[in-house]
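Student: Same order as they appear, the protein sequences are chains E and S.
Per my numbering: the first sequence ends with 433, consecutive numbering throughout.
Per my numbering: the second sequence ends with 627, consecutive numbering throughout.
Beta carbons are placed, not taken as given, at the ideal position from N, Cα and C, and that holds for glycine.
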Amino acid sequence: MKYEAISAGALDESQTIGTPSTNNSLKMQLRRAERWNRTRAFLLVVPLLLFVGVTFIMPIMDMLHRSIHDPLIVDHLPKTVAALESWDRQQIPEDTTYAVLAQELVSLHKQRDLAKVAGRLNTEFSGMRSLLSKSARGLARLNAGAGLESAADTREAMIRIDARWSDIQPWAAIKNLNSRYTLSYYLAALDMHYDVSGDISAQPERRQIYKALLIKTFAMSALITVLCLLLGYPLAHLLATLPESRSNLLMIMVLLPFWTSLLVRTTSWIVLLQTEGVINDVLISIGLISERIRMVHNLFGTVIAMTHILLPFMVLPLYSVMKNISPSYMRAARSLGAKPAYAFIHIYLPQTLPGIGAGAILTFILSIGFYITPALVGGRSGQMISNFIAYHMQTSLNWGLAAALGGILLGMVLLLYFVYNRLIGINSLKVG
Amino acid sequence: MNKSDTHYVRFLNVQKTYDGENLVVKNFNLDIAQGEFVTMLGPSGSGKTTCLMMLAGFESATQGEIYIDGTPVNNLAPHKRDIGMVFQNYALFPHLTIAENLSFPLKVRKLPKSDIEQRVKRALDMIELPQVAGRRPGQLSGGQQQRVALARALVFEPKLVLMDEPLGALDKQLREQMQYEIKRLHERLGITVLYVTHDQTEALTMSDRIAVFNEGVVQQLASPTELYERPSNAFVAQFIGENNKLSGQVEQINQDSCVVSVEGCSVQALPVNIRQCGEPTTLSIRPERIQINPDASYDNRFDARVLELIYHGDHLRTRVELMNHDQFIVKVPNGAHPLAISKGDQVQVGWHRRDCRALDAMIPGRP
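#1: For K3/E and chain S, any beta-carbon pair shorter than 8 Å?
#2: Determine the chain S residues that contact A339/E at a beta-carbon separation under 7 Å, and present them in chain order.
#3: Under 8 Å between C-beta atoms, does V609/S make it to chain E?
#4: What does I343/S reach in chain E if we use C-beta pairs closer than 7 Å?
#5: Could you tell me the distance, in whole angstroms, from the CA atom of R626/S to the CA atom of E447/S?
#6: L51/E to L215/E, Cα distance in whole Å?
#7: Just to confirm, are I358/S and P397/S a CB contact at a threshold of 8 Å?
#8: Going by DSSP, what residues sit across from G344/S in a beta bridge?
#9: Out of E206/E, R266/E, L319/E, which one is the CA nearest neighbour of H309/E?
#10: Nearest chain E C-beta to N335/S closer than 8 Å, yes or no?
#11: Grab me the residues of Q384/E's own chain with a C-beta within less than 7 Å of its C-beta, minus the 5 sequence neighbours each way, in chain order.
#12: In angstroms with no decimal places, state the Cα-to-Cα distance between A405/E and L417/E.
#13: Are any of the Cβ atoms in chain E nearer than 8 Å to that of P627/S?
#14: Are V101/E and W270/E close, meaning C-beta to C-beta below 8 Å?
#15: Establish whether the CB of H355/S and some CB of chain E are separated by less than 8 Å.
#16: Buried or exposed: where does K350/E fall if 16 or more other Cβ atoms within 10 Å of its Cβ makes it buried?
#17: Apply the 10 Å Cβ neighbour rule to T242/E and answer buried if 16 or more other Cβ atoms are within range, or exposed otherwise.
#18: Compare the C-beta of N282/S against all C-beta atoms of chain E and say whether one is closer than 8 Å.
#19: I'd like the list of long-range same chain contacts for R156/E, defined as Cβ closer than 6 Å, with 5 residues on each side in sequence excluded.
#20: In chain S, which residues lie with their C-beta within 7 Å of the C-beta of I348/E?
#21: My output table needs one value for P426/S: the three-state DSSP class, helix, strand or coil.
#22: So V415/S and I328/S are in contact, right, with Cβ under 8 Å, and what is the actual spacing, rounded?
#23: Quick check on the burial criterion: 16 or more other C-beta atoms within 10 angstroms. Buried or exposed for T276/E?
#24: Just the chain S side, please: which residues come within less than 7 Å of S329/E by C-beta, in chain order?
#25: Report yes if the CB atom of F473/S is closer than 8 Å to the CB atom of K308/S, and no otherwise.
#26: Quick check on the DSSP output: the alpha helix (DSSP H) that includes Q170/E runs from which residue to which?
#27: If the cut-off is 7 Å on Cβ atoms, which residues from the segment 360–390 of chain S count as contacting chain E, listed in chain order?
#28: I need the boundaries of the alpha helix (DSSP H) containing M59/E, first residue and last residue.
#29: One question on the structure: do V346/S and L410/S come within less than 8 Å of each other, judged by their Cβ atoms?
#30: Tell me the start and end of each unbroken beta strand (DSSP E) in the segment 486–525 of chain S that is at least 3 residues and wholly inside, in chain order.
#31: Whose C-beta lies closer than 7 Å to the C-beta of S323/E among residues of the same chain, with five residues either side of it excluded?
#32: Output needed for V592/S: all residues of its chain with C-beta closer than 7 Å, excluding positions within five of it in sequence on either side, in chain order.
#33: Is the separation between the beta-carbon of I236/S and that of L454/S shorter than 8 Å?
#34: Taking R332/E as the query, report the chain S residues whose CB atoms sit under 9 Å from its CB, ordered along the chain.
#35: For V107/E, which residues of its own chain have a beta-carbon under 7 Å away from its beta-carbon, when the five flanking residues on both sides are left out?
#36: How about Y343/E: is its C-beta nearer than 8 Å to some C-beta of chain S?
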């Protein structure tokens with residue numbers, strides 16, 4: 002038999018490879034010969050490596066650092082933090098602690114740094130901002146007058162300025178932030194916080210937003226991915242099976258929106274979908290609806306516009322996989338007796354899985370971090386996590402929380418990658 | 261034999277066009293008897309694969325009828341035709357194991373599980389590859405894939421098997437071996453085979469009958485011997501085997517002999533498809549039927565000059581100049597008494613009248 006002859010030949014060949022004694026020097030020779038090639042290959046990618054390092058790795062590292070780094074309180078109220086070190090959170094702290102805080106508040110007030118500190122503490126317990134500024138102003142006035150004799154006087158004076166100082170809550174807020182590195186941003190991003198006793202607990206229900214937002218972002222992304230798959234799969238199949246000339250034309254039509262500005266595409270959806278827009282006009286004029294439907298500045302509009310924008314990311318990987326599936330597989334299946342549907346499900350579909358995986362993972366990852374479209378057409382209900390990240394970056398200036406939300410997003414993407422790798426294998430991913 | 265035996269597969273005046281202008285297949289007629297091995301042979305683009313695809317149901321005939329076992333199948337979907345098919349690049353499903361590939365047609369037919377297992381095992385034994393059941397097609401060599409593809413087309417016991425250049429991707433040695441194996445299986449299982457190839461050796465060694473295609477028309481449909489020994493036109497003579505052709509004019513024509521003038525020489529020939537004197541004709545002579553320094557029994561004897569000698573082991577390929585024609589090939593067998601000729605020698609070459617066939621004049625520019 003022929004194949005026996007082949008395997009016998011292979012055995013002969015393996016025996017002709019050198020004896021062990023010459024192996025080492027051979028390896029060294031090979032290494033020496035390869036060294037220059039490897040150095041050259043490395044030098045070729047050095048510029049890119051530097052670029053990626055500076056513009057990609059470093060910002061991400063910085064963001065991750067910011068999400069746990071919180072030195073504000075430790076830096077501005079060092080003595081208070083130190084004095085609270087031994088505090089047991091059961092009763093109000095000792096009088097000396099009041100005196101230390103009073104002193105630090107007054108000096109912060111003078112240096113005009115109080116707003117920052119008060120703002121940060123306010124994110125832990127609301128009301129801290131007003132409490133601190135009111136107390137600092139009051140204490141400064143007292144200092145300017147007679148001054149305070151003893152620590153006990155200071156405590157009484159502070160409680161007189163604001164009765165909340167007789168509570169342990171403000172003190173707990175300061176103590177919760179007594180470290181340069183904290184998980185409080187991540188807790189906040191997951192609707193949790195350190196409570197009065199210093200334990201992690203859920204935020205009161207009316208202050209919970211991020212968990213629901215994360216779930217909504219994921220659900221929307223999943224919906225958009227499924228829609229892209231449903232719309233893109235037949236299209237990619239058509240592209241892969243049509244004769245070259247016609248498939249090229251179709252391909253251009255797929256890519257054309259790709260080359261148009263994202264902003265233009267999004268705003269044109271507003272034009273189409275708005276209450277006084279084209280689609281509503283048409284529906285009214287053919288009598289399908291009697292009242293105008295609100296289709297934009299809500300979840301519906303966001304899903305429609307994002308599906309349209311992300312469709313090419315689904316079509317292209319699918320197309321590249323389908324292009325390499327010979328039509329003879331389907332023919333073979335048919336000739337072996339399979340009905341068209343059976344042949345599709347058992348022969349064609351499994352072979353397109355790498356494309357489905359690549360397209361889905363690409364679309365999903367892009368959509369969970371999508372910003373512009375939800376910002377423009379999302380309205381209130383169509384907002385996604387990235388819009389809140391932007392809000393905390395630009396408006397509330399709570400960069401730590403923004404970084405923590407970004408960190409969670411990054412973690413989710415990595416998790417997704419890991420799961421995909423486990424289930425399907427990242428090597429089978431075919432993007433283009 | 262009754263009618264359905266001799267007409268198991270029947271093409272009746274089948275025509276096919278893709279663009280509505282040019283016919284890829286022109287008025288194709290073919291009857292295949294049950295158990296027969298018929299090959300469609302022809303250069304690429306001659307319409308042979310199109311005919312095969314029409315029979316399999318992947319292309320529809322523009323005109324005409326195709327019958328399998330007396331039933332018209334023009335409007336029958338491919339999966340209902342019960343035809344085994346071997347594809348050019350095997351088309352083994354890459355995501356399934358060999359055993360799953362083989363069980364696919366059986367699962368589709370909803371056979372009981374134990375039955376499937378048994379049949380798959382038998383099929384693997386038949387191709388002598390029982391050890392590959394759990395492997396995927398990508399892990400097999402080309403020859404092994406070819407065997408599996410063959411087994412898959414046979415495992416559901418179809419009566420008719422179509423093969424579309426199944427050996428095209430194999431190397432020469434493997435190809436020859438597979439030819440014998442396919443032939444052996446055909447005889448053992450008694451199946452009807454329609455085989456497509458552009459390789460004439462393949463066609464000659466395997467087939468009961470061969471249909472030679474050119475430009476959508478069957479040029480000759482005959483047994484391998486008939487095709488090689490008695491080609492009915494110049495295309496077939498040229499396409500099958502090696503052939504010396506001499507262009508000339510008919511001088512004289514009788515029932516079973518004619519005289520053709522080639523460059524002033526009169527050649528005795530056998531009239532095949534010429535009708536009258538004065539007609540242009542192509543003489544076809546096989547290189548192995550030509551004798552160097554012939555004796556007086558040869559009807560045709562001419563002077564020639566040896567231009568080139570190529571040693572082929574079992575024969576000596578000799579190119580001579582004859583009647584102003586410098587591509588005239590003579591095969592000299594390397595027998596017990598080798599000829600002592602060398603380049604530049606003046607020799608005599610001769611052939612019998614029956615080995616020199618006067619065919620139609622070929623249109624210039626064609627093979």
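Tutor: Taking the definition as stated:
#1: Counting from one through the first sequence, the residue named residue 3/E turns up at place 2. Residue placement at K3/E cannot be trusted, given a pLDDT of 42 that sits under 50; what the coordinates show is reported in the next sentence. Yes, because at least one Cβ of chain S sits closer than 8 Å to the Cβ of K3/E.
#2: Here residue 339/E corresponds to residue number 338 of the first sequence, with the count starting at 1. Per Cβ cutoff of 7 Å: H339, V368.
#3: Within the second sequence, numbered from 1, the residue matching residue 609/S stands at position 349. Closer than 8 Å: no.
#4: Here residue 343/S corresponds to residue number 83 of the second sequence, with the count starting at 1. The answer, in chain order, is S336.
#5: Residue numbering aside, residue 626/S sits at position 366 when the second sequence is read from its first letter. Residue numbering aside, residue 447/S sits at position 187 when the second sequence is read from its first letter. Residue placement at R626/S cannot be trusted, given a pLDDT of 43 that sits under 50; the coordinates are not used to answer.
#6: Stepping through the first sequence from its first residue, residue 51/E is reached at position 50. Stepping through the first sequence from its first residue, residue 215/E is reached at position 214. For L51/E and L215/E, the distance between alpha carbons rounds to 34 Å.
#7: In the second sequence, residue 358/S corresponds to position 98, counting from 1. In the second sequence, residue 397/S corresponds to position 137, counting from 1. Cβ atoms of I358/S and P397/S: closer than 8 Å.
#8: Within the second sequence, residue 344/S is the residue found at index 84, counting from 1. V421/S.
#9: Numbered from its first residue, the first sequence carries residue 309/E at position 308. With distances taken between Cα atoms, H309/E lies closest to R266/E.
#10: Locating residue 335/S in the second sequence gives position 75, counting from the first residue. No, no contact with chain E.
#11: By one-based count along the first sequence, residue 384/E stands at place 383. Here the set comprises P375.
#12: Start at 1 with the first residue of the first sequence, and residue 405/E comes out as number 404. Start at 1 with the first residue of the first sequence, and residue 417/E comes out as number 416. If I take the Cα positions, the gap works out to 18 Å.
#13: Residue mapping note: residue 627/S aligns to position 367 of the second sequence, counting from 1. Residue placement at P627/S is poorly supported in this model, since its pLDDT is 40, which falls under 50; the coordinates are not used for a value here.
#14: Counting from 1 along the first sequence, the entry for residue 101/E is found at position 100. Counting from 1 along the first sequence, the entry for residue 270/E is found at position 269. The answer is no: Cβ separation not under 8 Å.
#15: Residue mapping note: residue 355/S aligns to position 95 of the second sequence, counting from 1. With 8 Å as the cut-off, H355/S counts as an interface residue toward chain E.
#16: Here residue 350/E corresponds to residue number 349 of the first sequence, with the count starting at 1. A small correction: the amino acid at residue 350/E is Leu; Lys does not occupy that position in the sequence shown. So L350/E counts as exposed.
#17: Here the question's residue 242/E lines up with position 241 in the first sequence. Exposed, since its Cβ has fewer than 16 Cβ neighbours within 10 Å.
#18: The sequence position of residue 282/S within the second sequence is 22, counting from 1. Output row for N282/S: interface = no.
#19: Walking along the first sequence from the start, residue 156/E turns up at place 155. Closer than 6 Å at Cβ, skipping near neighbours: D96, Y99.
#20: For this step, residue 348/E is matched to residue 347 along the first sequence. Within chain S, the residues near I348/E are F353.
#21: Position 166 of the second sequence holds residue 426/S. Here P426/S sits in coil by DSSP.
#22: Residue numbering aside, residue 415/S sits at position 155 when the second sequence is read from its first letter. Residue numbering aside, residue 328/S sits at position 68 when the second sequence is read from its first letter. About 20 Å separates the two Cβ atoms, so there is no contact after all.
#23: Along the first sequence, read from residue 1 onward, the residue named residue 276/E stands at position 275. By the 10 Å Cβ count, T276/E comes out exposed.
#24: Position 328 of the first sequence, counted from the start, is the residue given in the question as residue 329/E. In chain order: F347, N349, A351.
#25: The sequence position of residue 473/S within the second sequence is 213, counting from 1. The sequence position of residue 308/S within the second sequence is 48, counting from 1. Taking 8 Å as the Cβ cut-off, F473/S and K308/S qualify as a contacting pair.
#26: Here residue 170/E refers to the residue found at position 169 when the first sequence is read from its first residue. Start and end: 170–177.
#27: F364, P365, V368, R369, E388
#28: Here residue 59/E corresponds to residue number 58 of the first sequence, with the count starting at 1. M59/E -> alpha helix (DSSP H) spans 59–67.
#29: On the second sequence, position 86 is the one that residue 346/S refers to. On the second sequence, position 150 is the one that residue 410/S refers to. Cβ atoms of V346/S and L410/S: closer than 8 Å.
#30: 504–513, 518–522
#31: Taking the first residue of the first sequence as 1, we reach residue 323/E at position 322. Looking at the sequence provided, one finds Met at residue 323/E rather than Ser. Closer than 7 Å at Cβ, skipping near neighbours: A237, H238, A241, T353, G356.
#32: For the purposes of this step, residue 592/S is identified with residue 332 of the second sequence, where counting begins at 1. Here the set comprises I552, H575, L576, T578, L599.
#33: This structure does not reach residue 236/S, given that chain S is present from 261 up to 627, and the question cannot be answered.
#34: Residue mapping note: residue 332/E aligns to position 331 of the first sequence, counting from 1. Per Cβ cutoff of 9 Å: M313, A316, F318, P338, M345, F347, A351.
#35: The residue you call residue 107/E lines up with position 106 of the first sequence. Excluding positions up to five away in sequence, the list reads A137, L140, A141, N144.
#36: Against the first sequence, residue 343/E aligns to sequence position 342. It does: the Cβ of Y343/E has a partner Cβ on chain S nearer than 8 Å.
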